[in-house]
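Here the working numbering is used: the first residue of the first sequence is 40, the next is one more, and so on. Every residue gets a Cβ at the ideal spot worked out from N, C-alpha and C, and that includes glycine. As the structure is a computational prediction, the values presented were derived from the model and not from experiment. To start, the structure under review is shown below, and the notes come after it.
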Amino acid sequence: MLYAKVVLGIPVEGPFDYMVPDTLYKKLKVGVRAWVPFRNRRMLGYVVGITRKTNIKNLKTIGEIIDEAPILDKNMLSLTKELSGYYCCSWGEAIETALPQALRKGRLIKLNTLNLKAASGKSAGLGEVFLIHALDENEGWDRYIQAIKDTLESNKSVIVLLPDINSVLKAQEIIKARVKANLGILYREQPRELEEWVRIKEGRADVIIATRSGIFAPVNNLGLIIIDEEQNDVYKQEQVPHYNCREVAFMRVRIEKAKLILGSAQPSLESFYLARKNKIKYIFIPRTRAFPEIKIADTHYLYRGPKQKNAILTKYLEDSIISTLNSKGKILLFLNRKGFATFASCRYCGMVLECPRCNINLVYYFKDSILKCHYCNFKMQPPTICPNCNSGYIRYAGLGTEKIESELSRLFPQAIIKRLDNSKHLDINAADIFISATSIIKETQYSFDLIGVLIIDNSLNRIDFRAAEKAFGLLIGLLRLTDKKIVIQTRLLKHHCFNSLVDKDVSIFYTEELKQRKQLGFPPYKHLAIVKLRTKKEERAKEASNMLFNKLKKYKTKDINIVSVNPGQPSKLRGNFYWQILIKSDNPRKISRFLKIHLKDFSHSGIIVTVDIDPV
DNA sequence: AACTTACTAGCA
DNA sequence: GCTAGTAAGTTC
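Here you go:
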């Protein structure tokens with residue numbers, strides 16, 4: 040008698056053994072999907088092993104075997120297994136994140152694997168990893184193209200990952216123009232997702248260009264993975280399992296003996312640290328264009344004096360704008376914020392308008408005359424009377440791009456000023472001064488004559504150990520948009536973010552930031568994990584998370600530090616209350632193993648517990 | 001995750 | 001004794 044070991048896409052470890060009638064022996068292979076009876080349901084499972092003996096009594100018989108050829112090969116099984124051990128999910132859940140939706144639902148496919156290129160003998164990369172730190176986008180691409188060509192030459196395939204669909208399409212154009220290859224394009228929500236997946240599985244594409252989930256592209260003889268903008272946090276999945284593409288790429292190139300290239304103008308501290316430690320190879324490509332002049336403008340005195348109450352420009356930046364305008368130059372003013380005002384409040388009773396479903400202030404959009412929640416996208420008409428005290432004095436305060444637009448038109452009536460929201464393409468002739476939030480950084484190729492960073496301190500002052508890294512990333516992004524001059528307004532004059540830019544040496548930032556992370560015991564020196572608890576009732580969330588916190592503390596080992604229990608951020612989201620427990624360790628796999636054991640017997644009705652390893 | 005069973009508190 | 005609510009256990 041043969042038994043199939045089957046895993047399921049639910050948070051239960053498994054695998055579960057099933058009897059296989061001899062009529063199905065021929066169809067039974069590791070890596071195929073099968074329908075199995077489970078409790079009193081019929082579920083889709085994945086055969087991860089075949090065995091002749093089992094210790095389980097009262098076995099059930101496997102239902103239907105769906106696939107003729109395995110949809111998961113040995114490498115993909117190893118990868119998903121490893122992923123489940125790192126990110127604290129079941130093997131089945133890991134498999135399901137690696138597959139297109141249609142396959143998870145049991146859709147039938149026909150695989151024609153006859154034409155598969157035999158895996159060539161020599162392995163291209165041996166698990167080597169490179170960090171290409173290129174301040175100049177094009178230089179980075181030259182390296183990518185060369186590596187792709189080399190890999191194709193040795194008869195191996197390539198996966199190129201980009202943060203978003205736009206970048207995928209751009210990369211497709213670049214690669215199509217410079218490399219002769221069969222391209223495969225993969226991203227979730229692509230209408231042809233399954234079709235493309237099958238094409239790749241059949242070996243009919245050798246350069247796969249994709250977003251995050253493309254890390255699981257079913258290529259047969261992988262030689263190279265490229266992750267562009269490796270620091271970008273979209274590579275981290277927001278749903279469970281919260282895997283990070285970069286980490287999965289490390290696993291995959293080790294398993295398949297391929298090469299990995301991480302590319303960025305602003306590498307993550309994690310990758311930079313590995314490079315410093317010589318764990319991965321580091322290639323720094325300095326900027327070939329002129330490095331802009333960088334000026335720090337002190338905003339300490341900005342708000343002094345009754346007439347300057349609402350001033351948003353330092354004298355220095357104002358003068359720079361005037362002289363740039365005089366020489367017919369183009370100006371970009373940047374701030375990390377959207378909307379007209381950051382919040383709306385009642386002048387009479389002081390109540391701040393909040394989202395009814397989240398613990399977050401609503402943001403006022405002047406042009407559309409609407410109040411919006413940035414978290415859950417709740418929208419409402421601005422009330423004319425205060426919902427709390429019925430007075431008619433709702434006031435809008437704080438600075439957003441819309442507010443700045445109106446301020447600037449007052450200051451520079453002769454200039455044409457344009458505010459860029461999430462608009463597609465920037466028409467440089469449309470204005471003299473452009474005002475924008477973060478969206479600009481990706482969108483334009485244009486080089487401005489002056490960039491004014493109006494507000495960056497809010498990004499630096501956030502209670503997030505990655506605040507400086509993110510702010511620095513923004514500034515490096517802006518650097519791409521000028522060769523001439525950047526004026527940064529700040530109160531934090533001595534911050535290493537700015538020192539690094541003023542001295543035109545990005546390593547200053549990394550050295551100082553690493554030093555601080557080390558002192559505080561944060562990544563990349565330690566791994567973090569967050570256990571999140573979610574429920575409709577505020578009190579229960581608090582109670583249950585405290586109980587869990589104490590329980591985890593009781594069982595903790597010396598390698599695992601159960602740090603704190605706190606309300607989530609935000610503490611209320613879409614009508615649910617959040618609490619979270621923070622854990623630190625040198626080894627994320629140990630956290631995962633620890634939590635798998637101790638979360639299993641923690642059940643409180645109505646409370647949903649999730650785990651995020653290496654949160655971003 | 002989904003479902004079953006066990007236990008507890010409140011109530012006529 | 002009954003029910004509702006929740007805690008705890010199980011799934012091949």
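- Between K543 and F330 the beta-carbon gap is near 5 Å, inside 8 Å, which marks them as a contact.
- With a threshold of 16 other beta carbon atoms within 10 Å, T250 meets it and is buried.
- The straight-line gap separating the alpha-carbon atoms of L138 and R386 is approximately 54 Å.
- Taking 9 Å as the cut-off, the Cβ atoms of I647 and L553 do not count as close.
- Looking from the CA of G70, the closest CA among N500, I636, I110, L122 belongs to I110.
- The DSSP-derived three-state label of M58 is strand.
- The Cβ atoms of V526 and Y312 do not sit closer than 9 Å to each other.
- Only residues of its own chain outside the window of five on either side were considered, and among them D337, T338, H339, D496 have a CB closer than 8 Å to the CB of R530, listed in chain order.
- For M290, the uninterrupted alpha helix (DSSP H) segment begins and ends at 284-295.
- Considering only D245, L567, P202, S584, the residue with the shortest C-alpha distance to C284 is P202.
- DSSP places G223 inside the beta strand (DSSP E), whose first and last residues are 222-225.
- Taking 9 Å as the cut-off, the Cβ atoms of I370 and I490 count as close.
- In the structure shown, the three-state DSSP call for Y340 is coil.
- Spatial neighbours of R143 in its own chain (CB-CB distance under 8 Å, excluding positions within 5 residues in sequence) are listed in chain order as G48, L83, E135.
- Counting the other CB atoms within 10 Å of its CB gives D653 a total of 16 or more, which places it among the buried residues.
- When secondary structure is reduced to three states using DSSP, L638 falls in the helix class.
- In the DSSP assignment, H535 falls outside any beta strand (DSSP E) and lies within the alpha helix (DSSP H) extending over 535-541.
- Per DSSP, Y312 is not a residue of any beta strand (DSSP E); the alpha helix (DSSP H) it occupies stretches across 308-315.
- Shown here, G516 sits in a helix according to DSSP, grouped into three states.
- Below 8 Å, enough C-beta pairs join the segment 205-224 and the segment 178-193 to call them touching: three or more.
- Per DSSP, the unbroken beta strand (DSSP E) holding S196 starts and ends at 196-200.
- Uninterrupted beta strand (DSSP E) stretches at least 3 residues long and entirely within the segment 228-262 occur at 246-249, given in chain order.
- Residues of the same chain with a CB within less than 7 Å of the CB of N538, apart from the 5 flanking positions on each side, are I547 in chain order.
- In terms of CA proximity to G53, G131 leads the group G131, K68, K113.
- Counting along the chain, the unbroken beta strand (DSSP E) around L299 starts and ends at 298-303.
- E286 counts as buried, since no fewer than 16 other beta carbons sit within 10 angstroms of its beta carbon.
- Beta-bridge partners assigned by DSSP to G84: L47, A73.
- When DSSP states are grouped into helix, strand and coil, K575 belongs to the coil group.
- Between the segment 395-413 and the segment 626-645 there are fewer than three C-beta pairs closer than 8 Å, too few to call the two in contact.
- When only Cα atoms are considered, P395 and G512 end up about 33 Å apart.
- With fewer than 16 other CB atoms across the displayed protein chains lying within 10 angstroms of its CB, F323 is exposed.
- In the assembly as shown, R80 is an exposed residue. Its beta-carbon has fewer than 16 other beta-carbons within 10 Å.
- Take the alpha-carbon of I502 and the one of F77: they are about 45 Å apart.
- The C-alpha of K611 is placed about 17 Å away from the C-alpha of N585.
- Here the alpha carbon of P421 sits roughly 34 Å from the alpha carbon of Q276.
- Remark: C-beta atoms of L170 and G302 approach each other more closely than 9 Å.
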